[in-house]
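K.L.:
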Amino acid sequence: MFITYKASEDHVFSFNYNSRMERPAYMQLNPARSYSSPYSFQQGNPALRPAIFTSGTLSYTFKQNYTLTASYSKLKDLVSNVTVQDNISKTFYDTQQNLDNIEDFTIGFMTSLRPTDWWDMNVTVEGAYRRQHSMFSDGYFGSDNYIAYLNTTQSFVLSKNKA
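The numbering of the sequence shown is full-length UniProt numbering, which starts it at 1 and goes up by one.
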């Protein structure tokens with residue numbers, strides 16, 4: 001869903017909402033073992049749940065050139081490869097498990113600048129916080145991270161005759 005509200009030529013607000021589901025593939029669900037050696041194999045997990053991705057973004061654009069964004073996304077039950085060690089049978093195997101939740105909170109700023117008539121610049125600055133927590137058969141995994149992102153794209157016209 002995408003909604004835009006144009007308060008005036010200089011002020012535009014928009015909201016974007018997205019939700020989708022990704023079901024596990026057949027081979028990820030198939031519990032039959034596929035041996036690569038006497039001590040290791042791959043095995044599907046019939047208890048896998050579909051992954052659900054939900055996101056929302058609110059943005060404000062000023063004078064069609066400066067954009068501020070705030071977004072939230074949540075990924076629930078992401079299917080992930082996991083290696084499990086069985087100390088009793090002295091084997092290890094690869095399987096899939098659902099991760100509990102991955103959440104991202106992001107703010108960003110984007111602009112286009114033209115310092116001279118021969119130089120164009122696009123700048124994107126983002127900051128994010130990612131929270132990831134999951135219970136596995138052999139324990140708990142938790143991670144909280146802060147992420148910074150800066151991207152600039154520069155375009156130069158070297159000769160007006162060859163532009």
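Yeah, the Cβ is synthetic: ideal placement off N, Cα and C, and Gly gets one too. Just so it is clear, the structure is predicted and the values come from calculations on it, not from any experiment.
Quick check: the segment 122–141 against the segment 91–109, are there 3 or more CB pairs under 8 Å?
P.N.:
The segment 122–141 is in contact with the segment 91–109.
K.L.:
Could you check whether the segment 18–33 touches the segment 41–55, counting it as contact only if at least three pairs of C-beta atoms, one from each stretch, sit closer than 8 Å?
P.N.:
The segment 18–33 vs the segment 41–55: in contact.
K.L.:
Here's the rule: buried if 16 or more other CB atoms are within 10 angstroms of the residue's CB, otherwise exposed. What is Asp86?
P.N.:
Flag for Asp86 reads exposed.
K.L.:
Going by C-alpha to C-alpha distance, which of Phe141, Tyr93 and Ser159 sits closest to Asp117?
P.N.:
Comparing Cα positions, the closest option is Ser159.
K.L.:
Could you tell me how far apart the beta carbons of residue 166 and Ser59 are, in whole angstroms, since I believe they sit closer than 8 Å?
P.N.:
What the structure shows of the chain is the stretch from 1 to 163, and residue 166 is not part of that stretch, so it cannot be assessed.
K.L.:
Helix or strand or just coil, what does DSSP make of Tyr146?
P.N.:
DSSP places Tyr146 in strand when its eight states are reduced to three.
K.L.:
Over the uninterrupted beta strand (DSSP E) stretch that includes Tyr35, give me the two end residues.
P.N.:
Segment Arg33 to Ser37, the beta strand (DSSP E) holding Tyr35.
K.L.:
Start and end of the alpha helix (DSSP H) containing Leu29?
P.N.:
Taken as a continuous stretch (DSSP letters only), the alpha helix (DSSP H) holding Leu29 covers Tyr26 to Leu29.
K.L.:
Per DSSP, which one or two residues make a beta bridge with Glu103?
P.N.:
Paired residues: Lys74 and Arg131.
K.L.:
Can you pull the DSSP bridge partners for Leu68?
P.N.:
Tyr60 and Phe109, per the DSSP bridge assignment.
K.L.:
Does Asn161 come out as helix, strand or coil in the three-state DSSP assignment?
P.N.:
Helix, per DSSP.
K.L.:
Please work out which residues of its chain come closer than 8 Å, Cβ to Cβ, to Ala163, disregarding the five sequence neighbours upstream and downstream, and give them in chain order.
P.N.:
In this prediction, Ala163 scores a pLDDT of 49, lower than 50, which makes its location untrustworthy; the coordinate-derived value is nonetheless stated afterwards. Around Ala163: Val157.
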